[in-house]
Amino acid sequence: MPELPEVETTRRGIEPWLTGRRIERLLVRERRLRWPVPRGLAARIAGATISRVERRAKYLLVHTSAGTLILHLGMSGSLRVLAASAPVRGHDHFDLVLDSGRCLRFNDPRRFGCLLFTADDPLAHPLLAELGPEPLSADFDGKRLWQRARGRRASIKAFIMDARTVAGVGNIYASEALFRAGIRPGLAAGRVSRARMQALAAAIRAVLTAALDAGGTTLRDYVDAAGAPGYFRLRLAVYERAGQPCRKCGTPIRQLVLGQRSSYWCPGCQR
DNA sequence: CAACGGACCTGCCTGC
DNA sequence: TGCAGGCAGGTCCGTT
Numbered sequence: 012m013p014e015l016p017e018v019e020t021t022r023r024g025i026e027p028w029l030t031g032r033r034i035e036r037l038l039v040r041e042r043r044l045r046w047p048v049p050r051g052l053a054a055r056i057a058g059a060t061i062s063r064v065e066r067r068a069k070y071l072l073v074h075t076s077a078g079t080l081i082l083h084l085g086m087s088g089s090l091r092v093l094a095a096s097a098p099v100r101g102h103d104h105f106d107l108v109l110d111s112g113r114c115l116r117f118n119d120p121r122r123f124g125c126l127l128f129t130a131d132d133p134l135a136h137p138l139l140a141e142l143g144p145e146p147l148s149a150d151f152d153g154k155r156l157w158q159r160a161r162g163r164r165a166s167i168k169a170f171i172m173d174a175r176t177v178a179g180v181g182n183i184y185a186s187e188a189l190f191r192a193g194i195r196p197g198l199a200a201g202r203v204s205r206a207r208m209q210a211l212a213a214a215i216r217a218v219l220t221a222a223l224d225a226g227g228t229t230l231r232d233y234v235d236a237a238g239a240p241g242y243f244r245l246r247l248a249v250y251e252r253a254g255q256p257c258r259k260c261g262t263p264i265r266q267l268v269l270g271q272r273s274s275y276w277c278p279g280c281q282r
C-alpha cells in the first residue's frame, strides 16, 4: 500500500479535478471493502459540492457541502481520475461521478481500503482521533519520539510504524528511515538514545520528502491519479534488497521479521 | 497500558 | 500441469 508519499501524491493528483466540482452521483459496484460502504451514502452525497481534498496520515478526506468522505487505499488501492465513460476493469469498486464528465475511480484488488462518511469533524472520527503527528509538520520531532518511547520494549521499527507514534510511516519507509538513521530495526524503542531519536526523526522526514519528490514507490499495484507509477523504488536503500550489497558499505542487506512484517537492514551501517 | 496474533482479501510466485 | 503454501505497501480488534 500506499504509505504517506503515495497517498499525498494521490491527493495532489486528484485535488485539482475535484475541488469546486459537483458530485453527480456515487456509483458503488462492490460495497464489501474493509468496512462496507455505508448504505444510503450515494443518496446522501449526490448533488454535494467538493470544497477541498485533505490528507491525514494515510486517509484522504474529501470535504463536501454534505459532509466528508473518508477514503483509505489499504494495501493495494489506487484512485484515478478518468472519463466517467472509461471502461471498467476488475476491482474497480466505486466511481465518484463529477459534473465535469469525469470520475474518481477506486480500484483495490485486496479490498483493504475503505469509503466512509461523516457529517461531523472528520478529525474527530474514531479512525482518525488517536493518530499521532504528521511527520512533515512542526509538531513532530525527536524529543517527542524519545519521550513516547520511555519503557517500550517493542522494536524501534514497530514503534515508528505505530500510527499513534507518528502518522503515515509504513513498512517500506520504516526500514528506509532506520537505515538512514543508522539504527538496527530490532533494537528496543526504549533503548534508543535521545540524540539518535533526533536523527531518526530527521531521517523519517528526509525519506518521506525524497519519496514524495519521486512520486512515491510502486512495488506492485500503486499508481497515481493519472495512472503513472512512482519512481522511488529505484532509490530504495534496503527495502526488498535482501542479499544485495549495501549501496554505502557493500555489506549484504539482511532481512528479518518484526511484528509479522519483513524488515531490511544493513549490518554494516546500522547499530 | 503494552504487546502480540489473527483477521480481512486477492494475486503472484515458488516448490513439490 | 496442478496445487499448496507463503508472501505482499495496512491496521483494527480481541486476547494475554
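Letter by letter, the first sequence follows residues 12 to 282 of our numbering. Backbone N, C-alpha and C fix where the C-beta goes; we use that ideal spot for every residue, glycine too. Remember, predicted model here, so these are calculated numbers, not experimental data.
Item: Using the Cα positions of residue 240 and residue 105, report the straight-line distance between them to the nearest angstrom.; Value: 21 Å
Item: Which two residues bound the contiguous beta strand (DSSP E) that contains residue 65?; Value: 61-67
Item: Identify which residue in 177, 107, 29 has its Cα closest to the Cα of residue 52.; Value: 107
Item: So what's residue 247 in DSSP terms, helix, strand or just coil?; Value: coil
Item: Taking 8 Å as the threshold, find out whether the stretch 194-209 comes into contact with the stretch 57-73 through three or more Cβ pairs.; Value: no
Item: Let me check one thing: in DSSP terms, what residues is residue 105 bridge-paired to?; Value: 39, 117
Item: With distances taken from CA atoms, which of 160, 230, 177, 171 is nearest residue 201?; Value: 160
Item: With DSSP as the reference, label residue 24 as helix, strand or coil.; Value: helix
Item: Please report the straight-line C-alpha distance between residue 158 and residue 176, rounded to a whole angstrom.; Value: 10 Å
Item: Residues in the same chain with beta-carbon distance under 8 Å from residue 257, minus the five sequence neighbours each way, listed in chain order, please.; Value: 248, 249, 263, 264, 277, 279, 280
Item: For residue 27, count the other beta carbons within 10 Å of its own beta carbon; 16 or more makes it buried, fewer makes it exposed. Which is it?; Value: exposed
Item: Going by beta carbon distance, what residues of the same chain come within less than 6 Å of residue 125, once the five residues before and after it are set aside?; Value: 44, 45, 46, 83
Item: Could you compute how far the alpha carbon of residue 55 sits from the alpha carbon of residue 38?; Value: 12 Å
Item: Since residue 35 and residue 110 are thought to touch, with beta carbons under 8 Å apart, how far apart are those beta carbons, to the nearest angstrom?; Value: 5 Å
Item: Could you pull out every unbroken beta strand (DSSP E) segment of at least 3 residues lying fully inside the stretch 159-210, listed in chain order?; Value: none
Item: Per the DSSP calculation, residue 128 is bridged to which residue(s)?; Value: 80
Item: If you follow the alpha helix (DSSP H) that residue 54 is part of, which residue opens it and which one closes it?; Value: 52-56
Item: Whole-angstrom Cβ separation of residue 243 and residue 228, contact assumed at under 8 Å?; Value: 4 Å
Item: Could you name the residues of the same chain whose beta carbon sits closer than 8 Å to that of residue 77, not counting the 5 residues immediately before and after it, in chain order?; Value: 55, 56, 58, 59, 130
Item: Tell me, to the nearest whole angstrom, how far the beta carbon of residue 21 is from that of residue 80; I am working on the premise that it is less than 8 Å.; Value: Actually they are not in contact, since the Cβ atoms of residue 21 and residue 80 sit about 14 Å apart, beyond 8 Å.
Item: Assuming residue 90 is part of the beta strand (DSSP E), what are its boundary residues?; Value: 89-94
Item: Roughly how many angstroms separate the alpha carbons of residue 191 and residue 101, rounded to a whole number?; Value: 39 Å
Item: Let's test the definition: count the other Cβ atoms within 10 Å of the Cβ of residue 270 and tell me whether it reaches 16, buried, or not, exposed.; Value: exposed
Item: With a Cβ-Cβ cutoff of 8 Å, do residue 179 and residue 69 count as a contact?; Value: yes
Item: DSSP three-state label for residue 256, please.; Value: strand
Item: Taking only heavy atoms of the ligand FAD into account, decide whether any of them is closer than 7 Å to the Cβ of residue 196.; Value: With respect to the ligand FAD, the structure offers nothing, as it holds no ligand at all.
Item: Do you know whose CA, among 164, 196, 166, 181, lies nearest residue 172's CA?; Value: 181
Item: Pull up the distance between the alpha-carbon of residue 215 and that of residue 209, whole angstroms please.; Value: 10 Å
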